[in-house]
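Contents: one structure, followed by commentary.
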Amino acid sequence: MSIKVAVIGAGVVGMSTAVVLQERIHQAEVTVIAEEFLEKTLSYGAGALFRGDASIHHDLKLNETWLQASHTHFSKLANMAEQAAQQKVLTEEEQNANLKNSESLASSILSLKPSSVINSSSQTANDLENLSLHNGNSENASPTEKSAPSIIEETKLKDSNQSIPKLIMETTEADDLANNNSSSTADLNKLNLTSNDSSNSLNVKSSNSRSPSPCRSGSCRSKSPNQNGKELPEHGIRLVHGYHLTEVCENAVGNELMSKLVNDWRSLSIEELAKLTPNIRFKYGYEYSSIIIEPGTYLRYLMAKFHSNKGQLLKRTISFRSINDFDFLHRNFHVVFNCTGLGAKQLMSDHQMVPIRGQTVIVRADWIKSFYTFDSNYIYPRYDGSVVLGGCKQYGNWSQQLNDFDRQAILAKCSQLLPELTEAEVIGEFCGLRPHRAEIRVERERIYSPDKENQHDWLNVIHNYGHGGNGFTYSYGTALHAVKLIDDLVHQCEH
Ligand SMILES: Cc1cc2nc3c(=O)[nH]c(=O)nc-3n(C[C@H](O)[C@H](O)[C@H](O)COP(=O)(O)OP(=O)(O)OC[C@H]3O[C@@H](n4cnc5c(N)ncnc54)[C@H](O)[C@@H]3O)c2cc1C
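For the sequence shown, the working numbering gives the first residue as 279, with consecutive numbering after it.
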């Protein structure tokens with residue numbers, strides 16, 4: 279039995295939901311439908327530091343559950359990558375040590391037994407190999423150490439071949455994904471689903487694709503940063519140490535959620551603060567380790583996973599008020615996930631959705647290894663030697679234009695904290711609208727047909743939107759929760 283699921287939205291929330299669905303609900307055939315993908319989504323340009331926020335839901339317990347689930351997920355990925363990288367470094371060091379040992383051993387053999395060198399050259403080579411084995415060098419390494427380079431190779435291969443699903447372009451009519459199989463109703467009560475294998479028929483004809491609309495929730499300008507040769511794990515997730523500082527009051531930096539989550543959360547003394555940032559006298563501050571996500575890399579990683587799990591992509595703008603769109607979803611899917619970020623304002627007429635405009639400046643500054651968040655500004659190091667400087671939080675501002683004033687303010691404030699930044703080359707800029715809502719919305723709703731004549735058809739919709747400035751942080755936790763709701767639906771129908 280298959281469950282046909284549509285996920286509307288291809289930002290970090292939609293793609294996480296789609297992948298969690300595939301991994302948790304094995305009968306699910308998932309199609310991601312979105313107006314924009316990858317670079318054109320807000321998610322692609324985010325700062326993407328992992329950071330709990332007590333204000334995202336009134337239910338602190340729920341907040342903690344989401345945060346914990348996300349943290350476990352991201353830490354696991356980051357730790358695995360760290361271990362692989364360490365093994366690689368060890369192996370390189372060992373290789374050098376091996377070489378040195380071999381050289382010194384060879385010269386000592388040469389100096390001790392000059393007469394035997396020519397005749398026993400093959401013997402010497404064997405001895406060297408054997409000796410280096412006994413010296414605890416790379417050949418003597420544990421199986422995991424030995425296999426590290428090939429893991430890296432594999433990762434590289436995967437990286438370069440990382441494939442993402444082909445986009446099925448928008449069609450002009452309300453197509454049936456399941457070959458006009460109108461019996462594929464979205465009514466979950468009729469979910470004694472016949473196992474019709476329609477995955478191939480999802481390859482909808484691609485006539486009259488729309489020309490892409492301008493980026494709806496973000497705009498960016500960038501020169502490609504200088505790669506400094508570091509390995510980035512294919513998922514783009516790293517552990518990073520950093521500082522959370524304020525000139526105002528302790529509440530501005532205290533973060534109970536994070537202090538419970540990480541084990542190195544530590545308050546900084548006034549002396550430590552003065553030493554850390556001599557140019558700005560912070561009153562309070564903490565240091566701790568968190569996770570930084572490279573947004574573009576992570577989105578591509580999710581896309582690749584989605585693809586390998588046989589997911590389909592469809593470029594299309596959905597309106598529940600359009601009879602065409604409603605019928606299209608109703609005919610083709612049993613459940614629809616709404617992960618449209620700020621788009622939910624229009625889609626759901628959700629007046630609680632408000633943009634919070636943010637702008638960042640990207641500079642080349644590969645000497646910065648820690649993150650700093652200080653009042654409304656931040657400095658986030660990226661793997662490639664670029665650094666994201668932010669930011670602003672302009673509530674209710676819909677402008678997606680880069681703003682000179684904001685740029686100057688960001689550069690001035692960040693350079694005050696770290697004066698070397700004055701010299702850093704600006705290589706990019708980004709501006710986007712955070713999809714703010716008083717509370718992140720993860721819940722189920724029936725959406726009835728907009729056709730007044732037809733009020734008995736509905737869509738089973740599961741919402742997952744309104745992540746504001748925390749979409750990367752909470753993406754995995756809220757995806758798990760949303761997917762749990764489909765589980766409940768299926769159980770309800772079964773009993
Ligand atoms: C400057 C800045 C810095 C940030 N820093 C951080 C940070 O450090 N940590 C953190 O966790 N978060 C951060 N964020 C927040 C984070 O970027 C967002 O919370 C996250 O990207 C929201 O993801 P989303 O998938 O909900 O929305 P989006 O990425 O906007 O995706 C929405 C998707 O829905 C589609 N869509 C919308 N409406 C429709 C429709 N009607 N029909 C079809 N498709 C539709 C869109 O095309 C898109 O594919 C930052 C944001 C900004 C702007």
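The beta carbon of each residue, even a glycine, is placed where N, CA and C say it ideally should be.
{"query": "Separation of histidine 513 from serine 283, as counted between CA atoms", "result": "Per the sequence shown, the amino acid found at residue 283 is valine instead of serine. Cα-Cα distance, rounded: 25 Å."}
{"query": "For glutamate 307 and serine 473, the rounded distance between their alpha carbons", "result": "Reliability fails at serine 473, whose pLDDT of 28 lies under 50, so the model's placement of it is uncertain and no value is given."}
{"query": "Sheet register partners of glutamine 365 (DSSP bridge)", "result": "Answer is none; glutamine 365 lacks a bridge partner."}
{"query": "Local conformation of leucine 699 per DSSP, three classes", "result": "helix"}
{"query": "Three-state secondary structure assigned by DSSP to isoleucine 303", "result": "coil"}
{"query": "Start and end residues, beta strand (DSSP E) containing glycine 744", "result": "736-745"}
{"query": "Per-residue DSSP class, three states only, for isoleucine 548", "result": "helix"}
{"query": "C-alpha gap between glutamate 528 and threonine 309, whole angstroms", "result": "46 Å"}
{"query": "The region 686-694 / the region 726-735 touching (three or more Cβ pairs under 8 Å)", "result": "no"}
{"query": "Option in His741, Cys709, Ile705 and Arg712 with minimal Cα separation from valine 720", "result": "His741"}
{"query": "The region 327-336 contacting the region 585-604, beta-carbon criterion three pairs below 8 Å", "result": "no"}
{"query": "Run of the alpha helix (DSSP H) containing proline 573, from where it starts to where it stops", "result": "573-586"}
{"query": "Per-residue DSSP class, three states only, for cysteine 709", "result": "strand"}
{"query": "C-beta atoms of cysteine 692 and leucine 711 nearer than 8 Å", "result": "no"}
{"query": "Terminal residues of the beta strand (DSSP E) in which histidine 519 lies", "result": "515-524"}
{"query": "Nearest-angstrom Cα separation, counted from threonine 618 out to aspartate 337", "result": "23 Å"}
{"query": "Meets three-Cβ-pair contact criterion under 8 Å: the region 654-674 and the region 632-642", "result": "yes"}
{"query": "The region 606-617 contacting the region 649-664, beta-carbon criterion three pairs below 8 Å", "result": "no"}
{"query": "Entirely enclosed alpha helix (DSSP H) segments - the region 610-679, minimum 4 residues", "result": "622-625"}
{"query": "Contact between the region 578-598 and the region 547-564 (3+ Cβ pairs under 8 Å)", "result": "no"}
{"query": "Distance between beta carbons of leucine 535 and alanine 332, contact taken as under 8 Å", "result": "6 Å"}
{"query": "Where the beta strand (DSSP E) containing lysine 593 begins and where it ends", "result": "590-593"}
{"query": "Contact check, isoleucine 571 vs isoleucine 515, beta carbons under 8 Å", "result": "yes"}
{"query": "Distance cut-off 7 Å: phenylalanine 750 Cβ against heavy atoms of ligand 1", "result": "yes"}
{"query": "Of the residues His519, Glu549 and Leu696, the one placed nearest valine 540, counting alpha carbons only", "result": "His519"}
{"query": "Sequence-distant residues of the same chain with beta carbon closer than 6 Å to leucine 763, five excluded per side", "result": "Arg722 and Ile740"}
{"query": "Cβ pair count under 8 Å reaching 3, the region 575-582 against the region 697-705", "result": "no"}
{"query": "Check: arginine 329 C-beta below 7 Å from any heavy atom of ligand 1", "result": "yes"}
{"query": "Distance, alanine 288 Cα to aspartate 765 Cα", "result": "22 Å"}
{"query": "Coil, strand or helix - alanine 859 by DSSP", "result": "This structure leaves residue 859 out entirely; the chain is present only between 279 and 773."}
{"query": "Straight-line Cα distance separating isoleucine 705 from histidine 349", "result": "31 Å"}
{"query": "Contacting residues, own chain, Cβ-Cβ under 6 Å from isoleucine 286 (five flanking each side not counted)", "result": "Ile311, Ile596, Asn616 and Thr618"}
{"query": "Cutoff 8 Å: proline 511 Cβ touching any chain D Cβ", "result": "The structure shown contains no chain D; it is built from a single protein chain."}
{"query": "Cα-Cα separation between arginine 715 and glutamine 365, rounded to whole angstroms", "result": "43 Å"}
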